[in-house]
Amino acid sequence: MSHHYLRFNDVHYRYPNGFEALGGVSLCITHGEKVALVGANGAGKSTLLLHTNGLLMPSSGEVVVGGITLTRKTVNLVRQSVGLVFQDPDNQLFMPTVEEDVAFGPSNMGLTAGEIESRVVEALEAVGALGLRKQSPYHLSGGQKKSVSIATVLSMGPSILVLDEPTANLDPRARRQTIELLGRFSHTMLVATHDMELVWELCPRTLAMQGGRIVADGTTRSVFNDTELLEACGLERPCRMEQPGQRSCRSSGR
Ligand SMILES: Nc1ncnc2c1ncn2[C@@H]1O[C@H](COP(=O)(O)OP(=O)(O)OP(=O)(O)O)[C@@H](O)[C@H]1O
Ligand SMILES: [Mg+2]
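According to our numbering, the sequence shown holds residues 5 to 258 in order.
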């Protein structure tokens, strides 16, 4: 497919305990866009992301990826287009070695051994982790685990990358490296994050969520300039937006 997009049409989702975590989400992300998904804890960001590749299915409404409506029948096809990177790498890495983890997805796609090997090398090179290929994922640092998690998804050749809190729990250097890594990708990207500097640097467009709904969808600058919205969503403007020397980054009072 040359033209990829991700669309949600009035998606509702109720967890088995009856709680409605998505209350009618509609959005469309088109080819090559990098979009941030922001909102307070519990707003529904992770729940929304889990719908992008069918880990959760809507209670009502539909998710469409590159013209294919997500159903139990199409889920495996959609997962080749949409690569989801979880917040916690320990949920993504489960094989004895890094290279086996990165090979896992391609192995399930019916590729030859040679094709699998070249995908492993390419994905690990893309995240600067080829030197870790023989190591156990359990013995890596948090930043290394994050890079390898991204590689496990890249090796599937997705056109849309969906990342949940890619910089959470990283030290400043690993965080910076991750932001720079993501900036080098040309994939269509949807990134849920509380890291407002990442949003500012990486994503020209921002979606804000509150109570299971999208309450704003616009340029990142326009969202960050809407102090009422930031306040309502419990967000703060990144320091980088301020003039040099202005240290206050609070959303209120400006
Ligand atoms: N398995 C579950 N069963 C019932 N309710 C759930 C479940 N998982 C999440 N929720 C609820 O759904 C709502 C949205 O949760 P979600 O994890 O999507 O929020 P989030 O925006 O990703 O938050 P955070 O910023 O803390 O990661 C919350 O109220 C949460 O308590
Ligand atoms: Mg979350």
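Cβ atoms here follow ideal geometry from the backbone N, Cα and C, with glycine treated the same way.
Assign residue i to one of two classes, buried (16 or more other C-beta atoms within 10 Å of its C-beta) or exposed (fewer than that).
i      : result
HIS191 : buried
LYS138 : exposed
TYR19  : exposed
GLU119 : exposed
ASP14  : exposed
ASP105 : buried
TYR142 : exposed
PHE90  : buried
ASN45  : exposed
LEU239 : buried
THR171 : buried
ASP199 : buried
If residue i sits next to residue j, beta carbons under 8 angstroms apart, how far is it from one beta carbon to the other, in whole angstroms?
i      : j      : result
VAL195 : ALA212 : Between ALA212 and VAL195 the Cβ distance is about 13 angstroms, and since that is not below 8 angstroms, they are no contact.
VAL67  : PHE23  : Not quite, the Cβ-Cβ distance comes to about 20 angstroms (not below 8 angstroms), so this is no contact.
THR56  : VAL166 : 5 angstroms
Grab the span of the beta strand (DSSP E) containing residue i for me, first residue to last.
i      : result
LEU41  : 38-42
GLY65  : 64-69
THR210 : 209-214
MET200 : No beta strand (DSSP E) holds MET200; the alpha helix (DSSP H) holding it covers 200-206.
GLU24  : 24-33
ASN13  : 10-18
THR156 : No beta strand (DSSP E) holds THR156; the alpha helix (DSSP H) holding it covers 146-158.
LEU194 : 192-196
Hey, could you find the ends of the alpha helix (DSSP H) residue i is sitting in?
i      : result
ARG188 : 176-188
ASP105 : 102-111
GLY238 : Looking at the DSSP string, GLY238 is not in any alpha helix (DSSP H), and its letter there is neither H nor E.
PHE228 : 224-228
ALA172 : Note, ALA172: premise wrong, no alpha helix (DSSP H); not H, not E.
ALA47  : Run containing ALA47: none; DSSP gives neither H nor E here.
LEU88  : It is not in any alpha helix (DSSP H) - LEU88 instead sits in the beta strand (DSSP E) that spans 86-89.
Rounded to a whole number of angstroms, what is the C-alpha to C-alpha distance between residue i and residue j?
i      : j      : result
ASP94  : THR223 : 33 angstroms
GLY58  : ASP168 : 15 angstroms
ARG241 : LEU234 : 8 angstroms
LEU10  : LEU60  : 15 angstroms
GLY215 : THR116 : 46 angstroms
ASN229 : LEU26  : 26 angstroms
GLU126 : THR231 : 43 angstroms
LEU136 : GLU184 : 20 angstroms
ALA40  : LEU202 : 9 angstroms
HIS35  : MET193 : 9 angstroms
Is the beta carbon of residue i within less than 6 angstroms of some heavy atom of ligand 4?
i     : result
LYS38 : Because ligand 4 does not appear in the structure shown, any question about it cannot be addressed here, the ligands present being ligand 1 and ligand 2.
Mind checking if residue i is an interface residue toward chain C, Cβ cutoff 7 angstroms exclusive?
i      : result
VAL102 : The question asks about chain C, but that chain is absent: this structure has only one protein chain.
| said: If we require 3 or more residues per run, which beta strand (DSSP E) segments fall completely within the segment 116-143? | reply: none
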